[in-house]
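For the sequence shown, counting from 1, position 65 maps to 108 in my numbering; every step adds exactly one.
Virtual Cβ for every residue (Gly too), placed ideally from N, Cα, C.
Given the structure is predicted, the values throughout are model-derived calculations rather than measurements.
Data block below; observations after.
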Amino acid sequence: MGINDVRLLESRYSMSYPSNDHPHDKQQREKDIFDIVKTVSEKNALRNETSPQPKAFHWIVDDDPLRANPSNDITGDSKILQRYVLAVIYFLMDGDDWFCG
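Following this line, the structure appears as structure tokens:
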């Protein structure tokens, strides 16, 4: 499934927040996602900016192209948790330094 397929699903099922979030909506979304990821990560790890957990959290909140909506029944908590755990692994394994060669 490519990025275009993800965008098609987003538009078909309205799974994402709009890209021009109102500041309050963005804050609420960030709080909702934090409440979800803290069920699998300790708060201390999430507060340590050098660990992979906050990097994964910020990726989910700011950069994830799916822009999953925590209150949406289609994506819900499990979709966010799956993407968060994979992002933690990515950052833990220095994924930014991976290359194809």
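**Span separating the alpha-carbon of residue 121 from that of residue 143** = As a position in the sequence shown, residue 121 is number 78, starting the count at 1. As a position in the sequence shown, residue 143 is number 100, starting the count at 1. C-alpha separation (whole angstroms): 30 Å.
**Asked** Does the Cβ of residue 83 have 16 or more other Cβ atoms within 10 Å, making it buried, or fewer, making it exposed?
**Response** As a first step, residue 83 is located in the sequence shown; it is residue number 40 there, counting from the start. Exposed, since its Cβ has fewer than 16 Cβ neighbours within 10 Å.
**Asked** Assuming residue 98 and residue 134 make a contact with CB atoms under 8 Å, what is their CB distance in whole Å?
**Response** Here residue 98 refers to the residue found at position 55 of the sequence shown. Here residue 134 refers to the residue found at position 91 of the sequence shown. So it is a contact: roughly 4 Å between Cβ atoms.
**Message:** Given this structure, state the Cα-to-Cα distance separating residue 93 from residue 125, to the nearest angstrom.
**Reply:** Stepping through the sequence shown from its first residue, residue 93 is reached at position 50. Stepping through the sequence shown from its first residue, residue 125 is reached at position 82. Each residue's alpha carbon lies about 21 Å from the other.
**Request:** Quick one: which unbroken alpha helix (DSSP H) runs of 4-plus residues sit fully inside the stretch 76-111? Chain order, please.
**Result:** 86-90, 95-101
**Item:** Spatial distance of residue 127 from residue 91 (CA atoms)
**Value:** Position 84 of the sequence shown, counted from the first residue, corresponds to residue 127. Position 48 of the sequence shown, counted from the first residue, corresponds to residue 91. Each residue's Cα considered, the two are about 16 Å apart.
**As assigned by DSSP and simplified to three states, the class of residue 134** = On the sequence shown, residue 134 is found 91 positions in, with the first residue counted as 1. It is helical.
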